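Data block below; observations after.
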Amino acid sequence: MEGEATVKLEDAELFVVTRGRGTPVVLLGGPWFGQTYLRSLADGLSAEFETVSYDARGSGRSRPASPPEITLEAHLKDLEGLRQALGIERINLIGHSLGALVVLLFAARYPERTGALVLAHPGPPFAIEMMEQLHHAFMDNQTETDRKVMESIAVSDSFKAVQPEAREAFFKAMYSAFFRDRSLLSRLDFGFTEATAAHAVGAEEQLTEQILALDPTALLSSVRSPTLVVHAEHDLIPLGFSTFLAAEIQGAQMVVLEGVGHFSYLEDPPLFTSAVIPFLRREGLDRIER
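Taking our numbering, the leading residue of the sequence shown gets 364, the next gets one more, and so forth.
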């Protein structure tokens, strides 16, 4: 099945994009950015798998939502609702960055409904010391030009007016520190809409706080899915966090991709898919309900 559709859930309407045919794999990035920045990842997998990506509630082309409606619990509920709507008995998941933590918590809560699990560059870390390492690495990699661009955008009338183009430009400038080769930043497309722009600035902090409040380390033993943790040699998120997850999740595997950073699937798509596709071939569960 290929195409775009709005899927109505109990209290949300999600814009969903489906590509390819075969075993279904659902993709989730940082929830406030939606499916647009994962497009190249979906393209890289769709030759062998049916990829499903979506704009999380309150972002992209999904129905707008207010801040109290955009919570970790809501994201988990939406993912379960999407699983049911798609008729997938056990859902194969790839989460990138903060999205990796969301799908990890989904797998811990719904082990019987989760198939294969890929945690691509998961973060931010749970431990304070690793959060500090991430902060220092970010500050070291951010250039004076990056900071000036962000400052210039932040004081602009368009940013203050919450215009999507200005808010997206701000985030791209911020995430430039995660790219070794800044020329590749042009491949990063967040697809901001008015809905995304309205909540993106505070979304990461709020979602991170809610994840940490769950004591996520204690939940890792509940994960029963075949799991692949993907780390990148030049990711700013500490290697120790990926190593920790791989050690704590029963039977988890881990791979470190050389020469790339946090957005490895954009920087070197064949490298990323060469690590992920064999795992999904072995461990991905096919659709049963439909």
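Don't be surprised by glycine CBs; every beta carbon is placed ideally from N, CA and C.
Computed from a predicted model, the values in this text were never measured in an experiment.
{"Check": "Residue closest to F489, alpha-carbon to alpha-carbon, out of G397, D598, G624 and D578", "Outcome": "D578"}
{"Check": "Residue from G478, F469 and G462 with nearest C-alpha to E452", "Outcome": "G478"}
{"Check": "Pairwise C-alpha distance: I491 and F501", "Outcome": "15 Å"}
{"Check": "Buried versus exposed, by CB contacts within 10 Å (16 or more), H594", "Outcome": "buried"}
{"Check": "Burial state of Q398 (16 or more Cβ within 10 Å)", "Outcome": "buried"}
{"Check": "Helix, strand or coil at G397 according to DSSP, with G and I counted as helix", "Outcome": "coil"}
{"Check": "DSSP-derived helix/strand/coil call for G614", "Outcome": "coil"}
{"Check": "Inside the stretch 438-525 only - alpha helix (DSSP H) runs reaching at least 4 residues", "Outcome": "461-472, 491-504, 507-517 and 520-523"}
{"Check": "Bridge-paired residues (DSSP) for S422", "Outcome": "The partner list for S422 (beta bridge, DSSP) is empty, contrary to what the question assumes."}
{"Check": "Host beta strand (DSSP E) of A558 (start-end)", "Outcome": "Run containing A558: none in the beta strand (DSSP E); it sits in the alpha helix (DSSP H), E557 to A576."}
{"Check": "Residue environment, K523, which counts as buried when at least 16 other CB atoms sit within 10 Å", "Outcome": "exposed"}
{"Check": "Cβ separation of L497 and P485, assumed to be a contact under 8 Å, to the nearest whole Å", "Outcome": "Contact doesn't hold; Cβ gap of about 12 Å is too wide."}
{"Check": "Minimum C-alpha distance to D552 - residue among Y400, G385 and E568", "Outcome": "Y400"}
{"Check": "Selection from Y538, F626 and S409 that minimises the alpha carbon distance to E365", "Outcome": "S409"}
{"Check": "Beta bridge counterpart(s) of Y417 as assigned by DSSP", "Outcome": "V379"}
{"Check": "Closest Cα partner of L445 within the set N504, V379 and G603", "Outcome": "V379"}
{"Check": "Simplified DSSP state of T590, which is helix, strand or coil", "Outcome": "strand"}
{"Check": "L599 (DSSP reduced to helix, strand or coil)", "Outcome": "coil"}
{"Check": "Collapsed DSSP secondary structure at F412 in the structure displayed", "Outcome": "strand"}
{"Check": "Contact check, L548 vs K535, beta carbons under 8 Å", "Outcome": "yes"}
{"Check": "Where the beta strand (DSSP E) through A368 begins and ends", "Outcome": "G366 to K371"}
{"Check": "T386 - DSSP class collapsed to helix/strand/coil", "Outcome": "strand"}
{"Check": "R587 to E495 span [Cα, whole Å]", "Outcome": "30 Å"}
{"Check": "Cβ-based neighbour list, E596, same chain, cut-off 7 Å, excluding 5 preceding and 5 following", "Outcome": "V619, L620, E621, G622 and V623"}
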